[in-house]
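Notes to accompany the following structure.
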Amino acid sequence: MTTYRAAYISADAGSTGGGIVLTSYEDRDLPDDELLAKAGVYAEEHGIEGDIEIGDWTD
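Residue numbering for the sequence shown follows my numbering, beginning at 494 and increasing consecutively.
Written as structure tokens, this is what we have:
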């Protein structure tokens, strides 16, 4: 398993699934504003809604 800094949308409290990661391992070193921008584009292109967070993500 790999843990890295990513932008994602957390799962809802009542959900049985996990969150949705919006950026990749390769993006881990981007500044916050660039990471959020990239995540926003990905979410919009895929019709994903929710509050985008930055934190540790484990694959």
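We put the beta carbon where it would ideally sit given N, CA and C, even for glycine.
Can you tell me which of the options puts its alpha carbon nearest to the alpha carbon of residue i?
{"i": "Gly-540", "options": "Ile-502, Arg-498, Thr-496 and Trp-550", "result": "Ile-502"}
According to DSSP, is residue i part of a helix, a strand, or is it coil?
{"i": "Ala-500", "result": "strand"}
Note the first and the last residue of the continuous beta strand (DSSP E) segment covering residue i.
{"i": "Glu-546", "result": "545-551"}
Would residue i pass as a contact of residue j if the rule is Cβ separation under 8 Å?
{"i": "Asp-552", "j": "Met-494", "result": "yes"}
{"i": "Leu-515", "j": "Tyr-497", "result": "no"}
{"i": "Leu-528", "j": "Ala-500", "result": "yes"}
Could you give the first and the last residue of the continuous alpha helix (DSSP H) run that contains residue i?
{"i": "Tyr-535", "result": "525-538"}
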